[in-house]
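Numbering (my numbering), first residue to last: 6 to 157. C-beta: ideal position from N, C-alpha, C; glycine also. Read the structure below first, then the notes.
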């Protein structure tokens, strides 16, 4: 009798879990679509696009640019020192690989000289309100398309 009761309980629990899985899956799908993870942007052309990221710290301002041309990329870091007003920059070049909404960047040349540790970024292409973004998967930094940023 005890084995029968345990068997019925396990059978009932699995049916309940299967029904809950369907509801949970729908909720997760809606959340992913809202966040931009499940967007289908494979056909969006990012060739000849420039993406901008600006970070303001206490002592300096950092402006980073990603310029994509074909499967080549130029990554520019510009540092503005707030105390002296001087600017310095680093210009990296390399290549990108795009798989659906994921863009992998590897810049291994610093001003035409090979660097031992390349700059690598894995970015998620998203679109919200007709504005293209690249979101860094590791740091959650948002790179905005310059064309949509400059038209405001």
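So, residue 126 versus residue 113, is the Cβ gap smaller than 9 Å? Going by C-beta atoms, residue 126 is not nearer than 9 Å to residue 113.
My output table needs one value for residue 112: the three-state DSSP class, helix, strand or coil. Strand.
Should residue 106 go down as buried or exposed, given a rule of 16 or more other Cβ atoms within 10 Å for buried? Looking at its Cβ environment, which holds 16 or more other Cβ atoms inside 10 Å, residue 106 is buried.
Under 9 Å between the Cβ atoms of residue 85 and residue 63? Contact annotation: residue 85 and residue 63 have beta-carbon atoms that are not nearer than 9 Å.
I need the straight-line Cα distance from residue 130 to residue 139, nearest angstrom please. Rounded to whole angstroms, residue 130 to residue 139 spans 5 Å at the Cα level.
Among 74, 76, 99 and 57, which has the Cα closest to the Cα of residue 83? Ranked by Cα distance from residue 83, the options 74, 76, 99 and 57 are led by 57.
Which residues does DSSP pair with residue 137 in a beta bridge? Looking at the DSSP assignment, residue 137 forms a beta bridge with 132.
Buried or exposed: where does residue 134 fall if 16 or more other Cβ atoms within 10 Å of its Cβ makes it buried? So residue 134 counts as exposed.
Below 7 Å CB to CB, which residues in the same chain sit around residue 111 once its five sequence neighbours on both sides are set aside? The beta carbon of residue 111 lies closer than 7 Å to those of 99, 100, 123 and 125 in the same chain, with the five residues before and after it left out.
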